[in-house]
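Residue numbers for the sequence shown, in numbering that gives the first Met the number 0: 0 to 174.
Even glycine gets a Cβ: it sits at the ideal position worked out from N, Cα and C.
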Amino acid sequence: MAAAAAALRGRRFKWALDLGSAPGARPRGAAEGRGPLGFADRQLGEGGVHESDKILMEKRCWDVALAPLKQIPMNLFIMYMAGNTISIFPAMMVCMMGWRPLQALMSLSATLKALESSSRRALQGLVFLVGNGLGLALALYKCQAMGLLPTRPSDWLAFVTPPQRMEFTGGGLIL
C-alpha cells in the first residue's frame with residue numbers, strides 16, 4: 000500500500016504545476032520554449048490581413064447585389080396574403096412592392112460605386128438589376144391580378160363594350 004502511494008506522488012500529470020521549485024526556474028517535465036495557450040513562435044505576415052479584408056469586401060458586395068433577390072420570397076408571401084381585392088391594404092402593399100425596386104434603380108449609380116471594390120462588379124451589378132427587375136415584374140403582376148392595369152381594348156376605348164362573363168364563382172361554387 001505504501002509503495003502504491005509513493006508511486007502516485009512521484010508520477011507527474013500534464014496539468015499539474017510544481018509550485019515548490021525556485022522562482023524563475025522551469026518546472027520539471029515542462030517542454031523547452033513552450034509558451035502559453037494560443038502562443039505561436041512565428042509572426043503573422045501583413046498579407047493575411049489584406050487577404051481577409053478583400054474576402055470580406057467581396058462578401059459585402061455580394062450581399063448588396065443579392066439583397067433584391069432575397070426580398071422576392073417575402074414579396075410573394077405578402078402578395079398571397081393581401082389577396083386580389085381592391086382595398087387599402089393590398090393597394091399599399093402593391094405600391095411598396097413597386098416603389099422599393101424603383102427607388103433602388105434610381106440610386107443605381109451609388110450602388111454600382113459601392114460595388115466598385117469587387118473583382119466581379121459587372122456580374123454583381125447584373126444580379127442587382129435582375130433582382131430589382133423581378134421585383135418590378137411582381138408588382139406589375141399583382142396590379143394586373145387586381146384589375147388595375149388596362150389590358151383590354153374596352154379599358155381604352157369608350158365605344159368598345161367590355162367582355163361579358165360566362166360564369167361567376169364564389170367560394171369554389173358555380174353561381
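- With a threshold of 16 other beta carbon atoms within 10 Å, K141 meets it and is buried.
- Taking the Cα positions, G124 is about 26 Å away from I77.
- The DSSP assignment places complete alpha helix (DSSP H) segments of no fewer than 4 residues inside the segment 54 to 122 at 87 to 105, 107 to 113, in order along the chain.
- With a cutoff of 8 Å on beta-carbon distance, L133 and C60 are scored as not near each other.
- Contact between T110 and F127 holds, with the beta-carbon distance rounding to 6 Å and staying under 8 Å.
- For D154, the enclosing alpha helix (DSSP H) stretches over residues 152 to 155.
- Rounded to whole angstroms, P100 and A81 show a C-alpha spacing of 19 Å.
- In its chain, beyond the 5 residues on either side, P67, P100, A103, L104 have a beta carbon closer than 6 Å to the beta carbon of N131.
- When DSSP states are grouped into helix, strand and coil, L125 belongs to the helix group.
- Out of P35, I54, F38, D40, the CA that lies nearest to the CA of R119 is found in I54.
- Measuring C-alpha to C-alpha distances from M73 to each of M92, V63, A157 identifies M92 as the nearest.
- Distances from the alpha-carbon of K112 to those of F158, A64, F88, W98 put A64 closest.
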